[in-house]
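S.K.:
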Amino acid sequence: MNDWDDWRVFLAVMEAGSFTKAAECLSLNQPTVGRRIEALENQLGEKLFQRHARGLRPTELADKLLPHVRLMADGATSASRVAASQGDCIQGVVTLSAAPAVANGWLARKLADFHCRHPKLEISLQGNSKVVDLNAGEADIAIRLFRPDEPQLVIRRLGVVANRFYAHPDYLASQGEPYTLGDLAGHDMVGFSDMLSSYEMVWLNQHIPANTRYVLKTNHAMTAMQFVSAGGGIALLPDYVATLNPALKVVCPETVIHLRDIWLVMHRDLAKTARIRALADFLIEAFDNDPLWQGKAANPTDGAAAG
Numbered sequence: 001m002n003d004w005d006d007w008r009v010f011l012a013v014m015e016a017g018s019f020t021k022a023a024e025c026l027s028l029n030q031p032t033v034g035r036r037i038e039a040l041e042n043q044l045g046e047k048l049f050q051r052h053a054r055g056l057r058p059t060e061l062a063d064k065l066l067p068h069v070r071l072m073a074d075g076a077t078s079a080s081r082v083a084a085s086q087g088d089c090i091q092g093v094v095t096l097s098a099a100p101a102v103a104n105g106w107l108a109r110k111l112a113d114f115h116c117r118h119p120k121l122e123i124s125l126q127g128n129s130k131v132v133d134l135n136a137g138e139a140d141i142a143i144r145l146f147r148p149d150e151p152q153l154v155i156r157r158l159g160v161v162a163n164r165f166y167a168h169p170d171y172l173a174s175q176g177e178p179y180t181l182g183d184l185a186g187h188d189m190v191g192f193s194d195m196l197s198s199y200e201m202v203w204l205n206q207h208i209p210a211n212t213r214y215v216l217k218t219n220h221a222m223t224a225m226q227f228v229s230a231g232g233g234i235a236l237l238p239d240y241v242a243t244l245n246p247a248l249k250v251v252c253p254e255t256v257i258h259l260r261d262i263w264l265v266m267h268r269d270l271a272k273t274a275r276i277r278a279l280a281d282f283l284i285e286a287f288d289n290d291p292l293w294q295g296k297a298a299n300p301t302d303g304a305a306a307g
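Residue 1 is where the sequence shown starts when you use full-length UniProt numbering, and the numbers rise one by one after that.
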């Protein structure tokens, strides 16, 4: 079977009329062109060109082969175009894992924009409280609130998770508005009840008045947000959760707590797969362009700290 590169050289010689000009067109040297033609002639058992003082004269066989080789060239060009266009027609399924509060709110809304860009790509969005095993293929991409250290993972920092105290205006109207951490004494507070929220609870225990009364403890920021949205009290919430209810107001506005960074993680063997790379690039862009992940308040209020 002949090498397409040999036929490409043959076509260039036929169109250029000499080895020298064909070599220039192909960015090859003349001896290489000569060897390619000689290889074809040896495989065919016949001459393709007659050499003479003024150049080359195609043989009858060369003239017969020319239209077929042009069809081969057209086919190769078409194949290259199809391959190049696959980035515009990315298909398949990508499994994306994130903490439930991230997945159910901010992330789900952003993925609607991604769908407009890649309508043939299906996203399997999993809101997982547990850490999925990327090495075992439980997800293609994970958004994590801690930095993993496995060497086989590709890791990209996406931003910072800012936490602030939030309350509903109805609660503040009846109980008064706190402006400092000391003012939280006597208010109805939401606490956190397990290791999933240990950073928040440790911080609260260290910084707010000892006589603060917790009227609800939960293991989920979304639950805390719903309780606060109903006027139940004050909670330390991540901005990405508070943004789900624009009515919530920042209280103790000078207090902004950065307890975690947020990370995009995927297995290095998948990092160059087109459909996975498309989603990863989109997520990086979306996080970079949203002030929410740069420490800005989700629901700005007069006097609220910018972070």
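Cβ coordinates follow ideal geometry from the N, Cα and C atoms, glycine included.
(1) Within the stretch 22-107, note down every full alpha helix (DSSP H) run reaching 4 residues or more, in order along the chain.
(2) Answer yes if the stretch 102-113 comes into contact with the stretch 58-68, meaning at least three C-beta pairs across the two stretches below 8 Å, and no otherwise.
(3) What is the DSSP secondary structure of Thr-212, reduced to helix, strand or coil?
(4) Count the other C-beta atoms from every protein chain shown that fall within 10 angstroms of the C-beta of His-258, then say buried if there are 16 or more, exposed otherwise.
(5) Between Leu-111 and Ala-210, what straight-line distance do the alpha-carbon atoms span, to the nearest angstrom?
(6) Compute the Euclidean distance between the alpha carbons of Thr-218 and Pro-246, then round it to the nearest angstrom.
(7) Quick one: grab the DSSP three-state call for Glu-122.
(8) Closest to Leu-184 by C-alpha separation, out of Leu-145, Pro-253, Ile-141, Gln-152, would be which residue?
(9) On the three-state DSSP scale, how would you describe Val-256?
(10) Considering only residues of the same chain and omitting the five flanking positions on each side of Trp-229, which have a CB-CB separation below 8 Å?
(11) Is the CB-CB distance between Leu-204 and Ala-224 below 9 Å?
(12) First and last residue of the beta strand (DSSP E) that includes Asn-163?
(13) In three-state terms, what does DSSP make of His-187?
(14) Along the chain, where does the alpha helix (DSSP H) containing Val-13 start, and where does it finish?
(15) Please classify Trp-7 as buried or exposed, where buried requires at least 16 neighbouring CB atoms within 10 angstroms.
(16) Pull up the CB-CB distance for Gly-159 and Ile-262, whole angstroms please, since I reckon it's below 8 Å.
(17) Roughly how many whole angstroms lie between the Cα atoms of Gln-226 and Ala-76?
(18) May I have the straight-line CA-CA distance separating Asp-63 from Gln-43, to the nearest angstrom?
(19) Please report how far the alpha carbon of Arg-268 lies from the alpha carbon of Asn-135, in whole angstroms.
(20) Which residue wins for smallest C-alpha separation from Leu-264, given the options Gly-17, Leu-71, Leu-145?
(21) Does the Cβ of Val-93 have 16 or more other Cβ atoms within 10 Å, making it buried, or fewer, making it exposed?
(22) Would you mind working out which of Glu-46, Gln-91, Gly-232 sits nearest Leu-216, comparing C-alpha positions?
(23) Less than 6 Å between C-beta atoms, sequence neighbours within five positions excluded: which residues of the same chain meet that for Glu-122?
M.R.: This is what the structure gives:
(1) Listed in chain order, the complete alpha helix (DSSP H) runs (minimum 4 residues) inside the stretch 22-107 are 30-44, 60-85.
(2) These segments do not touch.
(3) Counting from 1 along the sequence shown, the entry for residue 212 is found at position 212. Three-state result, Thr-212: coil.
(4) The residue you call residue 258 lines up with position 258 of the sequence shown. Exposed, by the Cβ-count rule.
(5) As a position in the sequence shown, residue 111 is number 111, starting the count at 1. As a position in the sequence shown, residue 210 is number 210, starting the count at 1. Their Cα atoms are separated by approximately 42 Å.
(6) Translated into positions along the sequence shown, residue 218 becomes position 218. Translated into positions along the sequence shown, residue 246 becomes position 246. Going from the Cα of Thr-218 to the Cα of Pro-246 covers about 22 Å.
(7) If you number the sequence shown from 1, residue 122 lands on position 122. Looking at Glu-122 - three-state DSSP - the assignment turns out to be strand.
(8) Within the sequence shown, numbered from 1, the residue matching residue 184 stands at position 184. It is Pro-253.
(9) Position 256 of the sequence shown holds residue 256. It is coil, neither helix nor strand.
(10) One-based indexing of the sequence shown puts residue 229 at position 229. It should be pointed out that residue 229 corresponds to Ser in this sequence rather than to Trp. Around Ser-229: His-168, Asn-245, Ala-247, Leu-248.
(11) Mapped onto the sequence shown, residue 204 falls at position 204. Mapped onto the sequence shown, residue 224 falls at position 224. The answer is no: Cβ separation not under 9 Å.
(12) Taking the first residue of the sequence shown as 1, we reach residue 163 at position 163. Element bounds for Asn-163: 153-167.
(13) Here residue 187 refers to the residue found at position 187 of the sequence shown. Note: His-187 maps to coil in three-state DSSP.
(14) Along the sequence shown, read from residue 1 onward, the residue named residue 13 stands at position 13. Where Val-13 is concerned, the enclosing alpha helix (DSSP H) stretches over 4-16.
(15) Mapped onto the sequence shown, residue 7 falls at position 7. Per the 10 Å Cβ criterion, buried.
(16) Walking along the sequence shown from the start, residue 159 turns up at place 159. Walking along the sequence shown from the start, residue 262 turns up at place 262. The Cβ separation is near 5 Å, so the contact holds.
(17) Here residue 226 is taken as the residue at index 226 of the sequence shown, counted from 1. Here residue 76 is taken as the residue at index 76 of the sequence shown, counted from 1. Using only the alpha carbons, I get a separation of about 59 Å.
(18) Residue 63 sits at position 63 when you count from the first residue of the sequence shown. Residue 43 sits at position 43 when you count from the first residue of the sequence shown. Straight across, the Cα-Cα distance linking Asp-63 with Gln-43 is about 17 Å.
(19) Within the sequence shown, residue 268 is the residue found at index 268, counting from 1. Within the sequence shown, residue 135 is the residue found at index 135, counting from 1. Arg-268 and Asn-135 have their C-alpha atoms roughly 10 Å apart.
(20) Here the question's residue 264 lines up with position 264 in the sequence shown. Here the closest residue by C-alpha is Leu-145.
(21) Residue mapping note: residue 93 aligns to position 93 of the sequence shown, counting from 1. Exposed is the call here.
(22) As a working note, residue 216 is residue 216 in the sequence shown. Answer by Cα proximity: Gly-232.
(23) Counting from one through the sequence shown, the residue named residue 122 turns up at place 122. Cβ within range, chain order: Val-93.
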